[in-house]
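Below you'll find the structure, written out as structure tokens, and then a few comments.
Numbering (the numbering used here), first residue to last: 1 to 296.
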């Protein structure tokens, strides 16, 4: 029967577009239709909580981002335990860029940081939810630079980009796919790449590491099943994602249209990655004062 995929972020964002790019090839492998449903809100935790309570029969899974599994549970109590999910696979990491509107006064990252230092609490930036890696990366930078600026949370990257274009916020930290059309239309200006390596969409824009920072932003997209889902269902879905990721046309679209890199990780590798970044992002939460164990 049809298989339901719950997408934790809004339509038109990187997670949504990549999930829908993979879907036809997953259907081809599984021999059944995929019904994809967007359930954005609360930094993706609404959708993940929905997945957690679904019948563990393999017919409902979730597409989520890493913070729903490794960050938000360290910020507040959640109606699910991230460690109890069945980890299916991860098709790719996200890539991140800080954009401002093309007519903004800042042309370089140094100008932007200098302005923020000279105008405390004046800069606003859009992120797909508080506690997202987009938010924490810029808070970590603010701590390092000794500056104050304000995050403005949205349901997803498309909404934060729209806020920049409308002049409602000064900047946004967004994953690439959601920004492609606005950037190629000449409406956005890149200031810095927060990922580990330069990005083909903005090849002349330097990374944080190149600017001397000791940090880069990492998250990935992944599929999970409700706790207790049978291994045969998990492994079948894992194989379907791997098949979709192996298709040359998917890799070409990812590289040339979506500006992401397909890097398939199986369920074991995906869980190991989550465990590693639980510690990494937990440490950053403590450094910026957002860990739930800290006194307010």
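Beta carbons are placed, not taken as given, at the ideal position from N, Cα and C, and that holds for glycine. Owing to the predicted nature of the structure, the values given are computational and were not obtained by experimental measurement.
One Cα belongs to residue 239, the other to residue 253, and the distance between them is close to 20 Å. Counting only runs of 3+ residues, the beta strand (DSSP E) found wholly inside the stretch 122 to 193 occupies 124 to 127, 150 to 153, 171 to 175, 188 to 193, in chain order. Between the stretch 33 to 46 and the stretch 58 to 67 there are three or more inter-stretch CB-CB distances shorter than 8 Å, so the stretches are counted as touching. Inclusion of residue 135 and residue 120 in the CB contact set at 8 Å is not warranted, their separation being larger than that value. Comparing alpha-carbon positions, the option among 41, 265, 2 lying closest to residue 23 turns out to be 2. Per DSSP, the unbroken beta strand (DSSP E) holding residue 61 starts and ends at 60 to 65. Non-local C-beta neighbours of residue 199 in its own chain, meaning closer than 8 Å and more than five positions away in sequence, comprise 95, 97, 176, 193, 205, 259, ordered along the chain. The straight-line gap separating the alpha-carbon atoms of residue 41 and residue 86 is approximately 22 Å.
Distance from the CA of residue 32 to the CA of residue 142, rounded to the nearest whole angstrom, comes to 48 Å. Secondary structure note for residue 223: its beta strand (DSSP E) is the uninterrupted segment 220 to 225. For residue 137, the closest alpha carbon among the candidates 35, 173, 224 is that of 173.
The criterion of a C-beta distance shorter than 8 Å is not satisfied by residue 269 and residue 92. Note that the C-beta distance between residue 222 and residue 132 is not below 8 Å.
Residue pairing from DSSP leaves residue 69 without any beta-bridge partner.
Contact annotation: residue 10 and residue 158 have beta-carbon atoms nearer than 8 Å. Annotated as proximal: residue 36 and residue 19, with beta-carbon spacing under 8 Å. Annotation for residue 4: the continuous beta strand (DSSP E) segment containing it runs 3 to 7.
Taking residue 250 as the centre and dropping the five residues before and after it, the same chain places the C-beta of 21, 22, 25, 244, 262 closer than 8 Å to its C-beta, in chain order. The C-beta distance from residue 88 to residue 280 rounds to 22 Å, too long to fall under 8 Å, and the pair is not in contact.
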